[in-house]
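For reference, the structure discussed in these notes is given below.
In UniProt numbering, the protein residues as written are 1 to 459.
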């Protein structure tokens, strides 16, 4: 679920016009008035707030509605700066000590201002408070799930992908990057790209493949995931931007056909505690609890797209990058002292209306036939651990040397598991996918979705 930035306004009465009694605290009403984001913006306008600083340190404020973050300077109210900080510390002391204890209590982090009121009449009409002075604390809410302030969240669902985008990736993968650099697990030049070390890259790939081979129900067509230096460089560039949002493909055409998962951990002052290298993969996979394979659906209000990308069977490559950001931003908020991890995938998962994988006995429906460690692999028959687990259905015959099936009339697919009929309305349509695309390497999805159009089997 996407986590949106929230902004609270805390108003504090310092003096009462009528009462002269010292050391007495009162409430102006039985109920504390609620304040909306619109109220907050109006107050800032009345204070004519433009640019601010806090004790020499710039502290970004998510009081922006998509604009540049506002920055605040300590004001010259009756409280000293030390007293102002104590006020916030007192709030947090009581917030963490509530009984019964709270599992979702947010920490309040001071990011602004103490200002003297210039126009009491305006504030009276807007806030309905009779105050000589108000203190407006605009605070960024940092969601804290553990005592170590070491929690990560996911942004909104990763973007979905079209058949055309994925086809473009298949074509570019086959022609742009050297094959031996991509797919030979034994080559030394494979483990490069981005800022992760070789050992960390191996751990990231291992974590992905562990989850991919362990899906339930089991998958018959799950590909082994391999490291891509090109994807790692691309992912590193995205992390370096310290922007916690997925790219807009209209502005970043190089991301068409590329899947992406993002992870952030913040409040690590000084950047001395990067997240465990496999923690992002673990967090993304945790979304499995909200995903229902049988109906290819996610629980209402939950996010599952990061999980489905991790276990998308047709994805074959991954590359990741990591960056410590003094300030990372999203469309709605900022994250102080944050570690931003980006993993890019090719071909992309999350294709519209498709399940992440086909259920079945492991490696029983591998497009390329061979299997290694319960994952479909481009391994060679003479490689140690490279086996053929292909099972041909519906009268298909197995070629054990090539680990491929020759299907009987009326069926198609790696394991002859599907009836030969077009499965997309675009097959042969105008506009759509013309028949001459069947033999074009740039459009492999046409043969997959239009077997009848492409003459893959007799009807």
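In this text, a Cβ means the ideal position worked out from N, Cα and C, and glycines have one as well.
Member of the options whose CA lies at the smallest distance from the CA of residue i
| i | options | result |
| --- | --- | --- |
| residue 195 | 235, 337, 332, 312 | 235 |
| residue 411 | 255, 456, 379 | 456 |
| residue 337 | 302, 241, 265, 275 | 265 |
| residue 209 | 447, 436, 377 | 377 |
| residue 256 | 308, 243, 158 | 158 |
| residue 218 | 353, 394, 359, 297 | 359 |
| residue 318 | 83, 214, 329, 349 | 349 |
| residue 285 | 251, 312, 267 | 312 |
| residue 267 | 193, 241, 325 | 325 |
| residue 327 | 436, 364, 269 | 269 |
| residue 389 | 87, 221, 409 | 221 |
| residue 420 | 431, 448, 364, 95 | 448 |
| residue 382 | 354, 403, 309 | 403 |
| residue 415 | 368, 438, 430 | 368 |
| residue 427 | 438, 87, 418 | 438 |
| residue 365 | 323, 417, 353 | 417 |
| residue 335 | 96, 244, 237 | 244 |
| residue 295 | 193, 321, 357, 89 | 357 |
| residue 355 | 216, 79, 192 | 216 |
| residue 212 | 254, 306, 192 | 306 |
| residue 323 | 340, 333, 310 | 340 |
| residue 353 | 287, 293, 100, 241 | 293 |
| residue 401 | 289, 193, 380, 413 | 380 |
| residue 413 | 291, 262, 250, 452 | 452 |
| residue 242 | 87, 321, 304 | 321 |
| residue 91 | 105, 263, 288 | 105 |
| residue 262 | 290, 291, 310 | 310 |
| residue 237 | 291, 445, 193 | 193 |
| residue 351 | 384, 100, 191, 445 | 445 |
Nearest-angstrom beta carbon gap, residue j and residue i [assumed within contact, 8 Å]
| i | j | result |
| --- | --- | --- |
| residue 392 | residue 370 | Contact doesn't hold; Cβ gap of about 15 Å is too wide. |
| residue 450 | residue 422 | 5 Å |
| residue 407 | residue 398 | No, residue 407 and residue 398 are not in contact; Cβ-Cβ is about 11 Å, not under 8 Å. |
| residue 239 | residue 342 | 5 Å |
| residue 308 | residue 346 | That belief does not hold up - the Cβ atoms of residue 308 and residue 346 are roughly 15 Å apart, past 8 Å. |
| residue 259 | residue 344 | 7 Å |
Residue i burial status per 10 Å Cβ neighbour count (16 or more: buried)
| i | result |
| --- | --- |
| residue 232 | buried |
| residue 443 | buried |
| residue 374 | buried |
| residue 175 | Because residue 175 carries a pLDDT of 47, less than 50, the predicted location of this residue cannot be relied on, and no value is offered for it. |
| residue 301 | exposed |
| residue 27 | Reliability fails at residue 27, whose pLDDT of 41 lies under 50, so the model's placement of it is uncertain and the value that follows must be treated cautiously. That one is exposed. |
| residue 98 | exposed |
| residue 83 | exposed |
| residue 223 | buried |
| residue 63 | Interpretation of residue 63 is limited by its pLDDT of 34, a score under 50 that renders its predicted location unreliable; the figure taken from the coordinates is listed afterwards. It is buried - the Cβ of residue 63 has at least 16 other Cβ atoms within 10 Å. |
| residue 441 | exposed |
| residue 329 | buried |
| residue 139 | Summary for residue 139: the model assigns pLDDT 31, below 50, so the residue's position carries little reliability; its value from the coordinates is reported in the next sentence. So residue 139 ends up on the buried side. |
| residue 297 | exposed |
| residue 247 | buried |
| residue 251 | exposed |
| residue 95 | exposed |
| residue 89 | exposed |
| residue 436 | exposed |
| residue 395 | exposed |
| residue 432 | exposed |
| residue 17 | Note that residue 17 scores a pLDDT of 35, beneath 50, so its modelled location is shaky; the value from the coordinates is reported in the next line. By the neighbour-count rule (16 or more Cβ atoms within 10 Å), residue 17 is not buried but exposed. |
| residue 199 | exposed |
Item checked: Whole alpha helix (DSSP H) elements within the segment 341–411, 4-residue minimum -> none
Check: If we count Cβ pairs, one from each stretch, closer than 8 Å, do we get three or more for the segment 197–217 versus the segment 278–291?
Finding: yes
Checklist line | Runs of beta strand (DSSP E) lying entirely within the UniProt domain "SCP" (199–353), each at least 3 residues, in chain order | finding: 259–265, 317–329, 334–346
Notebook entry, point to check: Are the segment 269–277 and the segment 221–232 in contact at 8 Å, needing three or more beta carbon pairs?
Noted result: no
Check: Fully enclosed by the segment 432–458, which alpha helix (DSSP H) runs are 4 residues long or longer?
Finding: 444–449
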